[in-house]
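Contents: one structure, followed by commentary.
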DNA sequence: CGATCGGATGTTATATCATAACATCTATCT
DNA sequence: AGATAGATGTTATGATATAACATCCGATCG
Ligand SMILES: [Zn+2]
Ligand SMILES: [Zn+2]
Ligand SMILES: [Zn+2]
Ligand SMILES: [Zn+2]
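Chains as they are written, first to last, in my numbering: chain A, 257 to 398; chain B, 257 to 398.
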């Protein structure tokens, strides 16, 4: 599954591994925290590695969280869709080809040429929606 | 379904007017800059006004720009779609009912209960796409 | 009237996210 | 060796956002 076109540097590999292991979005400073003591001491290194990984399509940036997550299906795809549970923090990357086509159609209909399409849904995951019967649980948040 | 609108405070009105007049997204600090000398001297006031306006459905936050824009059709709508030109900075709020329904269907199909749906397209507007013939012009950005 | 309550604001300080600018190091190609 | 490209280190700063607490004011109610 790991289709890597360019070889990754040490730090880039380390960042990707950390994101994959986390299985949830991490902020650049979360990553920096985990990399201190491994020779990574400042934000630019982390941001540079993330930039590369995003370029390579291995990592997505989630705008509404200011955080990064390993791509669940690492192909280059210029559209990413995320469902973000505001209760437990679960983030799921969704794929829906028809949606992508419809979005592209909608944008081009207005003459817009989209190079990147971001869809982020906020709400409650199935588990949390089931649990939620009027009362609130321990809000996770980011 | 009675859409009860709360009266807006002085600052809230001022912020909404500034956003409407700008016709483009402004950051909270852009707004603060314009409000200094009118008794608004610190970020919290601006953020609080924006929070209220977003709650009322009069303003949208554009996540990928960290900026705010007046809603083009101020109804409460939990889905907002924006086409953002990376060249000239033009931001257009799009409406597409079928897309909204398809997104809702997709999310609920996976058991997710969406309360808010964000769609942000990055690329080039019709005018800039026409001008762009391989060469880059004066990248505007925000 | 006077109590009190909610909404808005002021104020200070700080947290969080991101980049500029410049120096260094190494691998690779010529 | 010289040149190039990519990655990293380092220092400093910019940009975005919130915490915590105090004050003010209009509406409501006993
Ligand atoms: Zn992906
Ligand atoms: Zn959940
Ligand atoms: Zn709107
Ligand atoms: Zn444009």
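For glycine and all other residues, C-beta sits at the position ideal for the given N, C-alpha and C.
Bounds of the beta strand (DSSP E) holding residue 379 of chain B are 369-380. Cα atoms of residue 287 of chain A and residue 347 of chain A: separation of roughly 18 Å, rounded to the nearest angstrom. Around the beta carbon of residue 332 of chain A, fewer than 16 other beta carbons lie within 10 angstroms, which makes this residue exposed.
Around residue 366 of chain A, the beta-carbon contacts reaching into chain B at under 9 Å are 339, 348, 350, 381 and 382. Taking all protein chains shown into account, residue 357 of chain A has fewer than 16 neighbouring C-beta atoms within 10 Å of its C-beta and is therefore exposed. Distances from the alpha-carbon of residue 264 of chain B to those of B:309, B:318 and B:281 put B:309 closest. Its Cα nearest to that of residue 340 of chain B, the residue A:374 stands out among A:283, A:276, A:374 and A:267. Between residue 379 of chain B and residue 369 of chain A, the beta carbon gap of about 5 Å places them in contact (Cβ cut-off 8 Å). Residue 350 of chain B: member of the beta strand (DSSP E) spanning 347-350, first to last residue. Neighbourhood of residue 320 of chain B in chain A, by CB distance below 8 Å: 319 and 374, in chain order.
At a cut-off of 8 Å, the beta-carbon of residue 266 of chain B does not count as near ligand 4: no heavy atom of the ligand is closer than that. Taking the Cβ atoms as the reference, residue 345 of chain A lies roughly 27 Å from residue 304 of chain A, outside the contact range of under 8 Å.
Taking residue 342 of chain A as the centre and dropping the five residues before and after it, the same chain places the C-beta of 378 closer than 6 Å to its C-beta, in chain order. Excluding its 5 nearest sequence neighbours in each direction, residue 386 of chain A has no C-beta neighbour in its own chain below 8 Å. Between residue 291 of chain B and residue 355 of chain A, the C-beta spacing is not below 9 Å. Residue 314 of chain A and residue 272 of chain A have their alpha carbons spaced roughly 8 Å apart. Residue environment analysis places residue 284 of chain A among the buried positions, since at least 16 neighbouring C-beta atoms fall within 10 angstroms of its C-beta. Taking a C-beta distance under 9 Å as the contact criterion, residue 323 of chain B and residue 350 of chain B do not qualify as a contact pair.
The beta carbon of residue 280 of chain A does not come within 9 Å of any beta carbon belonging to chain B, so the residue lies off that interface. When C-beta distances to chain A are compared with 7 Å, every residue of the segment 301-313 of chain B stays at or above that value. With a threshold of 8 Å, the Cβ atom of residue 278 of chain A does not count as near ligand 1, since no heavy atom of the ligand is closer than that.
In the same chain as residue 289 of chain B, and ignoring 5 residues on each side of it, no C-beta atom comes closer than 6 Å to its own.
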